[in-house]
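S.K.: In this text, residue positions in the sequence shown follow our numbering: the first is 59, and each later residue adds one.
Encoded as structure tokens, here's the structure I'll be asking about.
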Amino acid sequence: MTTPSTEVPILQSCIPLPLDEARLLEVVEKAKDWAIMHGAAMRSKADFSPDALQFAPFILTPSSFPRKEFEKAVALQTILNELMHAVTHDQEFLRDTLKNTIKVDTFTGSLFEIYETVMKEGIAQPISLGLLRSDLMLETKCENECQVQCSRAKAYCCWKQVEINSIASGFGHLGPASRAIQSYVLKELGQVDKLPNLPENHALSGLCDAMVEAWKIQNRPQAVILFVIEDITYNICDQRFHEFYIRETYPHVQVIRRTLTQIFTGGKLGLNGELLIDGQEVTVIYFRAGYEPGHYYGPNEWAARLLMERSKAIKCPSIQYHLAGTKKVQQALAKPGILKRFIADERKIETIKEIFTGLYPLDKNEEGDAAVRRAMENPERYVLKPQREGGGNNVYGEDIPGALKKMADEERSAWILMERIFPPLSQGYMVRPGGKMPPEVVNLVSELGIFGAIIGTKDNIVYNKQVGHMLRTKLSSANEGGVAAGLGALDSPYMID
């Protein structure tokens, strides 16, 4: 992602580059082996085997990130948790915000149908577990007052939120694993003095501890935690290490893994509304699937989702949390005055407003038509986003006019328009399976994700924490950057002042 300007600011690397070729080759080979042997790995999509792993793509050394902005993002996360929790429990807001989207987006419509069903029946489990990840990027092209205040030497002016994920917020293991790989590499390069500038990252333990906290609230010692998974799991290490951490840290807590199809076949509700899977009671459900249409092959999988929502198990996410994470809701929250509906503290509201980039609806009305004109006139400044998770779904720059022309008027409600964030560059080595050896120094851009965990009912939050982070980095020429989707690389932030 590059700016329209010919001069893109570059953040200084944590070590001098390039490295001597012989030394580079040696440390890359060691780092590859270290990654595989410590679970920073995935299954190959091109040559899948359940019995084989390959290392996940990674950046050899950590990418620079301003300490002040990192600390600001960490401090803000519990406030964002509160915001999402409030949105989740506002039935009128969700219904009004999504009313046009559900008419044309069949997937969101199916989710909303489940939501309406359980709301009419009465929510069986009022407690929700939110394991959230707020994704952000540094901005170099801010057009508000912070542009005036910023020093050009900093190579950025602020950071903006890309999105907030409410379902299957991955990399709880791979985030800390990235830091461990790069710590090892820095030691190998004789750069031990740099290690204090890599912030501690306890995302795995933080996310899992929250799951177990929800399990404890249920007070059913024989019950299990259910991970809802895809038929084929490529990002297996990230998932399994959650399970392994729980088993190692809480030996009496069992985790089971089932697909939506298996849940339909083996699941039922007990006499008191408890969820039973193959005879085992489930008190916490953690979704690592169910966030895109391809996970639902037909009515059986949708029936499985409804079955879980009707149960007394604590869901992560509940159907309302899932809907609260849609792009349409994100866009609605950026409207003037809307945050006051959910947060009383004016200081918190101002802090949240600062991180919003421009977000516009595309509905067939005056506001939506204005957004379409804006995008057609300057497509390089925008991104088209659908109500989808999982990466690879957005439309960028010069592809936007064609995409908009193909859309029927009613289809526009399934999308939002977002002002594009133009981040500074960093430079480093991207190490990929089958990649060129030795790797070359390339221009990169990074996206920081901050994890949060929250547990509570509509009126009572009992657990609210910021629990870790992750950094994904991609080539500056790439639009999308999902590691699991094969588009980016694992990384971790190196604090600069």
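Every residue gets a Cβ at the ideal spot worked out from N, C-alpha and C, and that includes glycine.
Compute the beta-carbon to beta-carbon distance between L156 and T166, rounded to the nearest angstrom, for a pair I have assumed lies under 8 Å.
M.R.: Their Cβ separation, rounded to whole angstroms, is 7 Å, which keeps L156 and T166 in contact under 8 Å.
S.K.: In the structure shown, what three-state DSSP assignment does I172 receive?
M.R.: Here I172 sits in helix by DSSP.
S.K.: Of the residues I185, D78, L69, V86, which one's Cα is nearest the Cα of G493?
M.R.: Measuring from the Cα of G493, the nearest candidate turns out to be V86.
S.K.: K218: buried (16+ other C-beta within 10 angstroms of its C-beta) or exposed?
M.R.: It counts as buried.
S.K.: From what residue to what residue does the alpha helix (DSSP H) around T323 run?
M.R.: Element bounds for T323: 318–324.
S.K.: By Cβ distance, which residues of its chain are closer than 6 Å to P496, with the 5 residues on each side in sequence left out?
M.R.: Result list for P496: E79, L82, L83, in chain order.
S.K.: Quick check on the burial criterion: 16 or more other C-beta atoms within 10 angstroms. Buried or exposed for V250?
M.R.: When all chains shown are included, V250 counts as exposed.
S.K.: In whole angstroms, what is the alpha-carbon distance linking K411 and L397?
M.R.: Distance between the alpha carbons of K411 and L397 is about 8 Å.
S.K.: Judging by CA-CA distance, which residue of F302, L318, Q320 is the nearest neighbour of Q312?
M.R.: If we check each option's Cα against that of Q312, F302 comes out closest.
S.K.: Thinking C-beta only, is N452 closer than 7 Å to K443?
M.R.: Going by C-beta atoms, K443 is nearer than 7 Å to N452.
S.K.: I'd like to know whether the C-beta atoms of F345 and V430 end up nearer to each other than 7 Å.
M.R.: No, these two residues do not count as a Cβ contact at 7 Å.
S.K.: Spatial neighbours of V387 within its chain, please: CB distance less than 6 Å, with the 5 preceding and 5 following residues excluded, ordered by chain position.
M.R.: Closer than 6 Å at Cβ, skipping near neighbours: T155.
S.K.: According to the neighbour-count rule (16 or more other Cβ atoms, all chains shown, within 10 Å of its Cβ), is S535 buried or exposed?
M.R.: That one is exposed.
S.K.: With a cut-off of 8 Å, do at least 3 Cβ pairs link the stretch 376–384 to the stretch 132–146?
M.R.: Short answer: they touch.
S.K.: With DSSP as the reference, identify every bridge partner of R432, one or two as the case may be.
M.R.: Answer by DSSP bridge pairing: none, since R432 is not bridged.
S.K.: What does a CB cutoff of less than 8 Å around D555 pick up in its chain, not counting 5 residues either side in sequence?
M.R.: For D555, where only same-chain residues beyond five positions count, the Cβ hits under 8 Å are P124, R125, K126.
S.K.: Please state if the CB of A347 and the CB of H353 are separated by a distance shorter than 7 Å.
M.R.: Yes, these two residues count as a Cβ contact at 7 Å.
S.K.: R490 to A114, Cα distance in whole Å?
M.R.: Answer to the nearest angstrom: the Cα atoms are 7 Å apart.
S.K.: Based on Cα-Cα distance, which residue from D105, P254, I512 lies nearest to N139?
M.R.: The shortest Cα separation from N139 among D105, P254, I512 belongs to I512.
S.K.: Hey, L189 and A133 are a contact pair by Cβ (cut 8 Å); roughly how many whole angstroms apart?
M.R.: Going by Cβ atoms, the distance from L189 to A133 rounds to 19 Å, so no, they are not a contact pair.
S.K.: What residues match up with L189 in a beta bridge as DSSP calls it?
M.R.: In DSSP, L189 forms a bridge with A511.
S.K.: From K245 to H260, what distance separates their C-alpha atoms?
M.R.: Cα to Cα, K245 sits roughly 21 Å from H260.
S.K.: When the Cα atoms are used, what is the spatial distance from F128 to F322?
M.R.: The alpha-carbon atoms of F128 and F322 are separated by roughly 43 Å.
S.K.: Should E332 be labelled buried (16 or more other beta-carbon atoms within 10 Å of its own) or exposed?
M.R.: It is buried - the Cβ of E332 has at least 16 other Cβ atoms within 10 Å.
S.K.: Using DSSP with H/G/I as helix, E/B as strand and the rest coil, what is F116?
M.R.: Strand at F116.
S.K.: Reducing DSSP to helix, strand and coil, say where F285 ends up.
M.R.: F285: strand per DSSP, three-state reduction.
S.K.: Suppose the cutoff is 6 Å on Cβ atoms and the five residues either side in sequence are ignored; what does the same chain contact list for A281 look like?
M.R.: The residues are E339, T341.
S.K.: Do you know whose CA, among L284, D549, K130, lies nearest H300's CA?
M.R.: Per the Cα distances, L284.
S.K.: Given that a residue counts as buried once 16 or more other Cβ atoms are within 10 Å of its Cβ, and exposed if not, what is R530?
M.R.: With 16 or more Cβ atoms within 10 Å of its Cβ, R530 is classed as buried.
S.K.: Please classify V520 as buried or exposed, where buried requires at least 16 neighbouring CB atoms within 10 angstroms.
M.R.: Result: exposed.
S.K.: Hey, out of L141, W92, C216, whose CA is closest to D517's CA?
M.R.: With distances taken between Cα atoms, D517 lies closest to L141.
S.K.: Going by other Cβ atoms of all chains shown within 10 Å of its Cβ, with 16 needed for buried, is H310 buried or exposed?
M.R.: That one is exposed.
S.K.: Report the three-state DSSP secondary structure of K443 (helix, strand or coil).
M.R.: DSSP places K443 in strand when its eight states are reduced to three.
S.K.: Which of helix, strand or coil does DSSP assign to I239?
M.R.: Helix.
S.K.: If you reduce the DSSP assignment to three classes, tell me which class Q70 lands in.
M.R.: Coil.
S.K.: Can you have a look at K252 and say buried or exposed, based on whether 16 or more other CB atoms are within 10 angstroms of its CB?
M.R.: When all chains shown are included, K252 counts as buried.
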